[in-house]
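There are 4 protein chains.
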Amino acid sequence: MISATTEVRIRYSETDKMGYVYYGNYAQFFEIGRTNMLREYGMTYREMEAQGIMLPVRSMEIRYHSPAFYDDLLTVSSFLRKKPSKRLEFEHEIHNEAGKLIVTGKVELVFVSEKTRRPTNAPEYFMKEIESFFENE
Amino acid sequence: MISATTEVRIRYSETDKMGYVYYGNYAQFFEIGRTNMLREYGMTYREMEAQGIMLPVRSMEIRYHSPAFYDDLLTVSSFLRKKPSKRLEFEHEIHNEAGKLIVTGKVELVFVSEKTRRPTNAPEYFMKEIESFFENE
Amino acid sequence: MISATTEVRIRYSETDKMGYVYYGNYAQFFEIGRTNMLREYGMTYREMEAQGIMLPVRSMEIRYHSPAFYDDLLTVSSFLRKKPSKRLEFEHEIHNEAGKLIVTGKVELVFVSEKTRRPTNAPEYFMKEIESFFENE
Amino acid sequence: MISATTEVRIRYSETDKMGYVYYGNYAQFFEIGRTNMLREYGMTYREMEAQGIMLPVRSMEIRYHSPAFYDDLLTVSSFLRKKPSKRLEFEHEIHNEAGKLIVTGKVELVFVSEKTRRPTNAPEYFMKEIESFFENE
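Chains as they are written, first to last, in our numbering: chain P, -2 to 134; chain U, -2 to 134; chain A, -2 to 134; chain F, -2 to 134.
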């Protein structure tokens, strides 16, 4: 398993009239979590895209446990439990500063060739990198 | 079953650098779909909130079938298949103008008292309204 | 002068914890206004981009007169007072259903070649279209 | 003058199909800049709101100098040049990692009583704090 944690400070724009973080915004926090996790392991989305590989999302599941509020400093924990094949499956847990569980969620992404816009395999260097981390567990 | 369809024109702001609609934005389209469905059946979120009932989201599941693009005119089909109790469960399907399936999703909301911020029952007038529609099927 | 009006229903996601529409969201409503105006005059951003012309924003000014609220049906009035050259200058006024002025704003866009990413002239067919409307005043 | 700098990493959601940061999103970066500046000077929006004072935006001006891109690490520099009265006027400059100027902007906010929803004076403790920093220049 590979994992990483990332902090996110809630913006005013991310709240809604209930005073809660709008439910659709957690997709962005998951994105920040997985991007940061890849960066910590020496890989970036940005580079992958520069090499012609895109990673659109195939599915997402979110469970909202407790509301988050303006100015909260949230911790996004991201996990990659399975070695990627044509898909990457991230799990996320978000907690607030008091350690309260805010949301849990799962996001499945697919490797797609920018050129053909069809599913493709994970880039070789990416697989090597990822595998080395799984092996080192 | 109660259902309704709502049109949404994709904004430039809703696209991302892949040229696709960003995956987190569909939560807003589901929101528009269910809000419009309630309105068509003579009920509004706005009034419900004015009466001290909030409807935070408890869970969401989305499956992304095909990308949507800038300026696409999407049709959001929303379904309420079960009578609400303490929860409201909406199902959504989004198609583009060519009839292609873009996403499917399920959103579960809970009735919460604005005062106590605790789960509560659906307002009586709301249940009566909803039940009359289910009976008239 | 060319003008058009466009309706926008306020989404829950667009409100903030004050219960007002978040101040950054009006940029989207201006975008909807000018996109719709071009469409009404037989031109679309989408096509222009397909022809290799992009229209990034160069400057924006907004004055917030009154707050807008969830579920408000706003009317965006958009005006093009000057013939475009290398720039397009839109003025916007947004009112609510009661006719109250919500915001006023000005957005200046520049024609940019997708290929060179440098400023360019407005496409010829676009200028012809626009000029015919100015002449018919 | 009071000033502060804040870093913002560009999210995928903040890009648009041109590959640029969407022009409306800079309002959020200005918000992050001024919130952080107040925090650095020992004050928070959150507390101010808890004390019944809101700070809606009265006007905004933005000039877009160069595009920002996905994954860019931007630096938001925020300045308060005048002592606040019934208004707070922030100036902002945003640069990318290479030191290139991305946008400049000005945001004017007004102190509003949450109760009356009318303009009010800056809270006394806030003015004292702010004044002490201006005096210490």
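Here a beta-carbon is modelled for each residue, glycine too, at the ideal position from N, C-alpha and C.
Task: Nearest-angstrom Cα separation, counted from Pro120 (chain F) out to Glu88 (chain F) - done: Working through the fourth sequence from its first residue, we reach residue 88 (chain F) at position 91. Working through the fourth sequence from its first residue, we reach residue 120 (chain F) at position 123. Taking the straight line from one Cα to the other gives about 21 Å.
Task: For Asn33 (chain U) and Leu35 (chain P), the rounded distance between their alpha carbons - done: Against the first sequence, residue 35 (chain P) aligns to sequence position 38. Against the second sequence, residue 33 (chain U) aligns to sequence position 36. Their backbone Cα atoms lie some 40 Å apart in a straight line.
Task: Cutoff 7 Å; reference Asn118 (chain A); Cβ partners in own chain excluding five residues on either side - done: Residue 118 (chain A) sits at position 121 when you count from the first residue of the third sequence. Lys83, Phe108, listed in sequence order.
Task: Secondary structure of Gly130 (chain F), DSSP reduced to three states - done: Within the fourth sequence, numbered from 1, the residue matching residue 130 (chain F) stands at position 133. Reading off the sequence, residue 130 (chain F) comes out as Phe, not Gly. It is helical.
TODO: Could you have a look at Leu52 (chain P) and say whether DSSP puts it in helix, strand or coil?
DONE: Position 55 of the first sequence, counting from 1, holds the residue named residue 52 (chain P). Reduced to three states, the DSSP call for Leu52 (chain P) is coil.
TODO: Run down chain F in chain order and give the residues with a C-beta less than 9 Å from the C-beta of Tyr67 (chain U).
DONE: In the second sequence, residue 67 (chain U) corresponds to position 70, counting from 1. Here the neighbours are Asp13, Lys14.
- [ ] Taking Pro116 (chain A) as the reference, give the member of A:Leu106, A:Ile127, A:Met(-2), A:Ser56 with the closest Cα.
- [x] Position 119 of the third sequence, counting from 1, holds the residue named residue 116 (chain A). Measuring from the Cα of Pro116 (chain A), the nearest candidate turns out to be A:Leu106.
Open item on the list: Let me check understanding here. Comparing Cα to Cα, which of F:His92, F:Val5, F:Leu70, F:Glu126 lies closest to His62 (chain F)?
Closed with: The sequence position of residue 62 (chain F) within the fourth sequence is 65, counting from 1. The candidate whose alpha carbon is nearest that of His62 (chain F) is F:His92.
- [ ] Measuring only between beta-carbons, confirm whether Tyr122 (chain P) sits less than 8 Å from chain F.
- [x] Counting from 1 along the first sequence, the entry for residue 122 (chain P) is found at position 125. No, because no Cβ of chain F sits closer than 8 Å to the Cβ of Tyr122 (chain P).
Open item on the list: Rounded to the nearest angstrom, what separates Val5 (chain U) and Gly102 (chain P) at their Cα positions?
Closed with: In the second sequence, the residue the question calls residue 5 (chain U) occupies position 8. In the first sequence, the residue the question calls residue 102 (chain P) occupies position 105. Cα-Cα distance, rounded: 26 Å.
Open item on the list: On a Cα-Cα basis, can you pick out the residue from P:Val73, P:Leu85, P:Lys79 that is closest to Ser135 (chain P)?
Closed with: Summary: the structure shown does not reach residue 135 (chain P), with chain P confined to residues -2 through 134, and so no result is reported for it.
Task: Beta-bridge pairing of His171 (chain F) - partner residues as DSSP gives them - done: What is shown of chain F runs -2 to 134, which leaves residue 171 (chain F) out entirely.
TODO: Between the Cα of Lys79 (chain P) and those of P:Thr12, P:Gly21, P:Glu128, spot the shortest distance and give me the residue it belongs to.
DONE: If you number the first sequence from 1, residue 79 (chain P) lands on position 82. Selected option, being the one with the closest Cα: P:Glu128.
TODO: Within the same chain, show all residues whose beta-carbon is closer than 8 Å to that of Glu111 (chain A), passing over the 5 residues directly before and after it, in chain order.
DONE: Residue 111 (chain A) sits at position 114 when you count from the first residue of the third sequence. Excluding positions up to five away in sequence, the list reads Glu46, Gly49, Ile50, Met51.
Task: Backbone CA spacing between Met124 (chain P) and Phe130 (chain P) [nearest angstrom] - done: Counting from 1 along the first sequence, the entry for residue 124 (chain P) is found at position 127. Counting from 1 along the first sequence, the entry for residue 130 (chain P) is found at position 133. Going from the Cα of Met124 (chain P) to the Cα of Phe130 (chain P) covers about 10 Å.
- [ ] Answer with yes or no whether the minimum CB distance from Thr41 (chain A) to chain U is below 8 Å.
- [x] The count along the third sequence starts at 1 and reaches residue 41 (chain A) at position 44. For Thr41 (chain A), the answer is yes, since a Cβ of chain U falls inside 8 Å of its Cβ.
TODO: Less than 8 Å between the CB atoms is what I'm expecting for Pro53 (chain F) and Met40 (chain A), so what's the real figure, rounded?
DONE: Residue numbering aside, residue 53 (chain F) sits at position 56 when the fourth sequence is read from its first letter. Residue numbering aside, residue 40 (chain A) sits at position 43 when the third sequence is read from its first letter. That pair is no contact at about 36 Å.
TODO: Mind checking which residues open and close the beta strand (DSSP E) that includes Ala1 (chain U)?
DONE: To locate residue 1 (chain U), count along the second sequence from 1; it is residue 4. Start and end: -1 to 6.
Task: Pick from F:Pro81, F:Arg43, F:Thr113, F:Glu28 that is closest to Glu90 (chain F), judged by C-alpha positions - done: Sequence index remark: in the fourth sequence, residue 90 (chain F) carries index 93 (1-based). The residue with the shortest Cα to Cα distance from Glu90 (chain F) is F:Glu28.
Task: Under 7 Å from the C-beta of Gln25 (chain P): neighbouring residues of chain U - done: Locating residue 25 (chain P) in the first sequence gives position 28, counting from the first residue. Gly21, listed in chain order.
Task: Nearest-angstrom Cβ-Cβ length linking Tyr42 (chain A) and Ile(-1) (chain A), presumed shorter than 8 Å - done: Against the third sequence, residue 42 (chain A) aligns to sequence position 45. Against the third sequence, residue -1 (chain A) aligns to sequence position 2. The Cβ separation is near 15 Å, so there is no contact.
Open item on the list: Comparing C-alpha positions only, which one of U:Gly30, U:Thr12, U:Glu11 sits nearest to Val104 (chain U)?
Closed with: Position 107 of the second sequence, counted from the first residue, corresponds to residue 104 (chain U). When each option's Cα is compared against that of Val104 (chain U), the closest is U:Gly30.
TODO: Could you give the DSSP three-state label for Tyr42 (chain F): helix, strand or coil?
DONE: Mapped onto the fourth sequence, residue 42 (chain F) falls at position 45. Correct three-state label for Tyr42 (chain F): helix.
- [ ] At 9 Å on the CB atoms, spell out the chain U contacts of Glu58 (chain P), in chain order.
- [x] Mapped onto the first sequence, residue 58 (chain P) falls at position 61. Near Glu58 (chain P) (Cβ distances below 9 Å), the residues of chain U are Ser56, Met57, Glu58, Ile59.
Task: Range covered by the alpha helix (DSSP H) that runs through Phe27 (chain F) - done: Here the question's residue 27 (chain F) lines up with position 30 in the fourth sequence. Looking at the DSSP string, the run of the alpha helix (DSSP H) that includes Phe27 (chain F) is 23 to 37.
Open item on the list: My output table needs one value for Ser110 (chain P): the three-state DSSP class, helix, strand or coil.
Closed with: As a position in the first sequence, residue 110 (chain P) is number 113, starting the count at 1. Three-state DSSP puts Ser110 (chain P) in a strand.
- [ ] Give a yes or no on whether the minimum CB-CB distance between Ser10 (chain U) and chain F is below 8 Å.
- [x] As a working mapping, residue 10 (chain U) is identified with position 13 in the second sequence. So yes, Ser10 (chain U) belongs to the interface.
Open item on the list: Taking CB distances under 8 Å as the criterion, tell me whether Ile91 (chain F) reaches chain P.
Closed with: Numbered from 1 along the fourth sequence, position 94 holds the residue referred to as residue 91 (chain F). By this cut-off, Ile91 (chain F) is not an interface position.
Task: Pairwise C-alpha distance: Gln25 (chain F) and Gly21 (chain A) - done: For the purposes of this step, residue 21 (chain A) is taken as the residue at position 24 of the third sequence. For the purposes of this step, residue 25 (chain F) is taken as the residue at position 28 of the fourth sequence. Near 7 Å, if we compare the C-alpha coordinates of Gln25 (chain F) and Gly21 (chain A).
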